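Asks: Position in the sequence shown counted from 1, then plus 210, gives you the working numbering.
Sharing a structure with you now.
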Amino acid sequence: MQQQQSLHRKNTIYADAGAQVKLLEETDCGIPPFNQILNKSGNAPLTAESVDVLQINTGYVCNLLCRHCHVDAGPDRREMMTQQTMLHCLDALDNSSIKTVDITGGAPEMNPEFRWFIERIRTRVPDTTILVRSNLTLFTGHEKYRDIPEFLKQQRVTIIASLPCYTKTAVDTMRGNGVFDRSIKALKLLNNLGYGKEGNDLELNLVYNPGDMSLPLEQHELERTYRKQLDEEHGIVFNHLYTITNMPISRFLNDLLENGRYCQYMTLLAQSFNPLAVKNLMCRTTVSVGWDGTLYDCDFNQMLRLPLERRVPQHISSFNEEMLKSRRITVGQHCYGCTAGSGSSCHGSLV
Numbered sequence: 211m212q213q214q215q216s217l218h219r220k221n222t223i224y225a226d227a228g229a230q231v232k233l234l235e236e237t238d239c240g241i242p243p244f245n246q247i248l249n250k251s252g253n254a255p256l257t258a259e260s261v262d263v264l265q266i267n268t269g270y271v272c273n274l275l276c277r278h279c280h281v282d283a284g285p286d287r288r289e290m291m292t293q294q295t296m297l298h299c300l301d302a303l304d305n306s307s308i309k310t311v312d313i314t315g316g317a318p319e320m321n322p323e324f325r326w327f328i329e330r331i332r333t334r335v336p337d338t339t340i341l342v343r344s345n346l347t348l349f350t351g352h353e354k355y356r357d358i359p360e361f362l363k364q365q366r367v368t369i370i371a372s373l374p375c376y377t378k379t380a381v382d383t384m385r386g387n388g389v390f391d392r393s394i395k396a397l398k399l400l401n402n403l404g405y406g407k408e409g410n411d412l413e414l415n416l417v418y419n420p421g422d423m424s425l426p427l428e429q430h431e432l433e434r435t436y437r438k439q440l441d442e443e444h445g446i447v448f449n450h451l452y453t454i455t456n457m458p459i460s461r462f463l464n465d466l467l468e469n470g471r472y473c474q475y476m477t478l479l480a481q482s483f484n485p486l487a488v489k490n491l492m493c494r495t496t497v498s499v500g501w502d503g504t505l506y507d508c509d510f511n512q513m514l515r516l517p518l519e520r521r522v523p524q525h526i527s528s529f530n531e532e533m534l535k536s537r538r539i540t541v542g543q544h545c546y547g548c549t550a551g552s553g554s555s556c557h558g559s560l561v
């Protein structure tokens, strides 16, 4: 398995969640604490409003090693959700009003229980919307994974696919040599199955991340550009584009530190704070489940290992919707990333 980037976890800040949190909270960039900005804008304390989405991280193993990955996923990771933890997730779905399950990783397809889990979700809670976040490259790679697109079609799964740009140079720089061509091949395969095409319910959504230290462009405008470029160059169609801000976590954080641009980026995020984005933050309607079943306010808090407030359940085995839907959200300096500009979430811009 080819390693796409010359990245090493040893002796880097992103290898230690506690060190990342300490850096974010204590480095003096002249930026006020995020809670202070929330209070000044009339949005403190930040609380949840409901639990509409259960986002489940099935593990950190991945066949790619992307520069901007906030999960620090890669081929050498070993964290993997077990079938027992998945059963706890199914119990939570049975005993709640949750209607959307968002399955992520790493590359979630690489969990050996991936197919079993999706089949059980569809059987036990048939009306649930199932989202799977994919890097696309497994679909046309190893024989072990080539049946997954057809399986996802049969299970009526919505695919959210990472494609951080519509050009080969930009994608390969961020994700590794050859990744763009493999992604295009996978998207054509999905289109041939009916994904992304009008007249059916097989939804195919793409995800954009900036390739540098900037905020995403306006989502609708960029979506039009993606549509034009992918259709004209490759005959590819899709449903929606989601723009996501690079979070100052894990590998992207390490890049900022190595290039001496950490404070510059954090200042950009803080100066771009948009109080209108706070209302629609994903943590207000989502609970994140770590690979070991630990509960978090969001996927980013999971990577920093920032726990839920103490009074609410901490593990999926003790899930309680009533308690979780009114919990107080744990925030930190990284939250500037979700509230900058048009806002950012796993489903794109917020305003």
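Glycine included, C-beta positions come from ideal geometry on N, C-alpha and C.
Here the structure is a predicted model, which is why all the values come from computation and not from measurement.
Return the residue from the list Tyr546, Asp391 and Ser482 that minimises the CA-CA distance to histidine 444.
Replies: For the purposes of this step, residue 444 is identified with residue 234 of the sequence shown, where counting begins at 1. Comparing Cα positions, the closest option is Asp391.
Asks: Would you kindly report the start and end of the unbroken alpha helix (DSSP H) that includes histidine 525?
Replies: To locate residue 525, count along the sequence shown from 1; it is residue 315. From DSSP, histidine 525 is part of no alpha helix (DSSP H); its letter is neither H nor E.
Asks: Counting pairs of Cβ atoms below 8 Å between the region 316-335 and the region 369-380, do you hit three or more?
Replies: No, because fewer than three Cβ pairs between the region 316-335 and the region 369-380 fall closer than 8 Å, the two stretches do not touch.
Asks: Between threonine 268 and tryptophan 501, which are expected to be in contact by the criterion C-beta below 8 Å, what is the C-beta distance as a whole number of angstroms?
Replies: Numbered from 1 along the sequence shown, position 58 holds the residue referred to as residue 268. Numbered from 1 along the sequence shown, position 291 holds the residue referred to as residue 501. With 8 Å as the limit, threonine 268 and tryptophan 501 qualify as a contact, their Cβ atoms being about 6 Å apart.
Asks: Which same chain residues, not among the five before or five after aspartate 226, have their C-beta less than 7 Å away from its C-beta?
Replies: The count along the sequence shown starts at 1 and reaches residue 226 at position 16. Once the five neighbours on either side are set aside, aspartate 226 has no close Cβ partner at all.
Asks: For the candidate residues His278, Leu397 and Tyr355, whose alpha-carbon lies nearest to that of threonine 455?
Replies: For the purposes of this step, residue 455 is identified with residue 245 of the sequence shown, where counting begins at 1. Of the candidates His278, Leu397 and Tyr355, the one whose C-alpha sits nearest the C-alpha of threonine 455 is His278.
Asks: Could you round the C-beta distance between tyrosine 405 and leucine 412 to whole angstroms and report it? I think they count as a contact, below 8 Å.
Replies: Stepping through the sequence shown from its first residue, residue 405 is reached at position 195. Stepping through the sequence shown from its first residue, residue 412 is reached at position 202. That belief holds up - the Cβ atoms of tyrosine 405 and leucine 412 are roughly 4 Å apart, short of 8 Å.
Asks: What does a CB cutoff of less than 7 Å around glutamate 319 pick up in its chain, not counting 5 residues either side in sequence?
Replies: Locating residue 319 in the sequence shown gives position 109, counting from the first residue. Closer than 7 Å at Cβ, skipping near neighbours: Ser344, Leu348, Tyr355 and Ile358.
Asks: What span of residues does the alpha helix (DSSP H) with isoleucine 358 cover, start to end?
Replies: Taking the first residue of the sequence shown as 1, we reach residue 358 at position 148. Counting along the chain, the alpha helix (DSSP H) containing isoleucine 358 begins and ends at 358-364.
Asks: In three-state DSSP terms, what is proline 249?
Replies: The residue you call residue 249 lines up with position 39 of the sequence shown. According to the sequence as given, residue 249 is asparagine; it is not proline. Reduced to three states, the DSSP call for asparagine 249 is helix.
Asks: My guess is that histidine 544 and leucine 518 are in contact by the Cβ rule of under 8 Å, so how many angstroms apart are they, rounded?
Replies: Residue mapping note: residue 544 aligns to position 334 of the sequence shown, counting from 1. Residue mapping note: residue 518 aligns to position 308 of the sequence shown, counting from 1. Actually they are not in contact, since the Cβ atoms of histidine 544 and leucine 518 sit about 16 Å apart, beyond 8 Å.
Asks: Do leucine 463 and tyrosine 224 count as a contact pair if the criterion is CB distance below 7 Å?
Replies: Your numbering for residue 224 matches position 14 in the sequence shown. Your numbering for residue 463 matches position 253 in the sequence shown. Their beta carbons are under 7 Å apart, which means tyrosine 224 touches leucine 463 by this criterion.
Asks: Where proline 426 and methionine 457 are concerned, what is the direct C-alpha to C-alpha distance, given to the nearest angstrom?
Replies: What you label residue 426 is simply residue 216 of the sequence shown in a count that begins at 1. What you label residue 457 is simply residue 247 of the sequence shown in a count that begins at 1. Rounded to whole angstroms, proline 426 to methionine 457 spans 12 Å at the Cα level.
Asks: Among Asn419, Gly409, Leu451 and Thr540, which residue has its Cα nearest to the Cα of arginine 434?
Replies: For the purposes of this step, residue 434 is identified with residue 224 of the sequence shown, where counting begins at 1. Nearest option by C-alpha distance: Leu451.
Asks: Alpha helix (DSSP H) containing asparagine 464: first to last residue?
Replies: Sequence index remark: in the sequence shown, residue 464 carries index 254 (1-based). Start and end: 460-468.
Asks: Quick check: what's the CA-CA separation for cysteine 299 versus tyrosine 418?
Replies: For the purposes of this step, residue 299 is taken as the residue at position 89 of the sequence shown. For the purposes of this step, residue 418 is taken as the residue at position 208 of the sequence shown. Taking the straight line joining both Cα atoms gives about 29 Å.
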